[in-house]
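Using the working numbering, you'd call the opening residue of the sequence shown number 272 and step up by one each time.
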Amino acid sequence: MTQANDLNKSPFKKLKLETAKLILAGFRRPAYAGVLQRHPKQSTYACDLLLDAIGRKIHVKVAGGLSENGVCCCAAIHGLPHLISPLTLDLIQESTASFPVYLVGEVVLNPARLRLTLLPFLGRFDDQTWVCVLEHWMDEAC
Numbered sequence: 272m273t274q275a276n277d278l279n280k281s282p283f284k285k286l287k288l289e290t291a292k293l294i295l296a297g298f299r300r301p302a303y304a305g306v307l308q309r310h311p312k313q314s315t316y317a318c319d320l321l322l323d324a325i326g327r328k329i330h331v332k333v334a335g336g337l338s339e340n341g342v343c344c345c346a347a348i349h350g351l352p353h354l355i356s357p358l359t360l361d362l363i364q365e366s367t368a369s370f371p372v373y374l375v376g377e378v379v380l381n382p383a384r385l386r387l388t389l390l391p392f393l394g395r396f397d398d399q400t401w402v403c404v405l406e407h408w409m410d411e412a413c
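Laid out in structure tokens, this is it:
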């Protein structure tokens, strides 16, 4: 059944699908998480996410102030294969009644998508720490 569907796709659509599969090579779980570490002299944060399939790590850098006010900032995702430059995305503030303010950004790599979420975590010493969650998925239409 899948082979019959593949024959009906245009060559450009097949190329986009193969490119997305190559970029997401190494991702086996639907989400990866890490704790952002603040750079001592700059207002940047970073964390490494280790991919379980091939031992490659994805490096996430966040620039801008992270505070309880949830200031808007931007992020870069380094280490994805077959990309010349890192993916960049804007993180915007979201909140729900049942959860405190958090930051979210999404990158569309047709047909793949990456979603980066920064969640606040109040540590033992009342210092605010941020947890970085990177999710990925392929669009259902492909």
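Just so it is clear, CB atoms sit at the ideal spot from N, CA and C, and this is done for glycine as well.
Between Ala-334, His-407, Asn-381, which has its C-alpha nearest Trp-401's C-alpha? Ala-334
Here's the rule: buried if 16 or more other CB atoms are within 10 angstroms of the residue's CB, otherwise exposed. What is Gly-326? exposed
Shortest alpha-carbon distance to Ile-363 belongs to which of Ser-356, Glu-377, Ala-302? Glu-377
Tell me the residue span of the alpha helix (DSSP H) that contains Ala-291. 282-294
I need the DSSP call for His-353, collapsed to helix, strand or coil. coil
Taking only the alpha-carbon atoms, compute the straight-line gap between Lys-267 and Leu-374 and give it to the nearest angstrom. This structure does not reach residue 267, given that the chain is present from 272 up to 413, and the question cannot be answered.
I believe Ala-383 touches Ala-291 by the beta-carbon criterion, under 8 Å. Please report the beta-carbon distance rounded to the nearest angstrom. 4 Å
Buried or exposed for Cys-345, please, with buried defined as at least 16 other CB atoms from any protein chain shown within 10 angstroms of its CB. exposed
Asp-361: first and last residue of the uninterrupted beta strand (DSSP E) it sits in: 358-367
Measuring only the C-alpha atoms, how far is Ala-275 from Phe-298? Residue confidence for Ala-275 is low, a pLDDT of 48 falling below 50, so the modelled location carries little weight and cannot support an answer.
Which of helix, strand or coil does DSSP assign to Arg-377? A small correction: the amino acid at residue 377 is Glu; Arg does not occupy that position in the sequence shown. Correct three-state label for Glu-377: strand.
Apart from the five residues just before and just after Leu-358, which ones in its own chain have a Cβ nearer than 6 Å to its Cβ? Ile-348, Val-378
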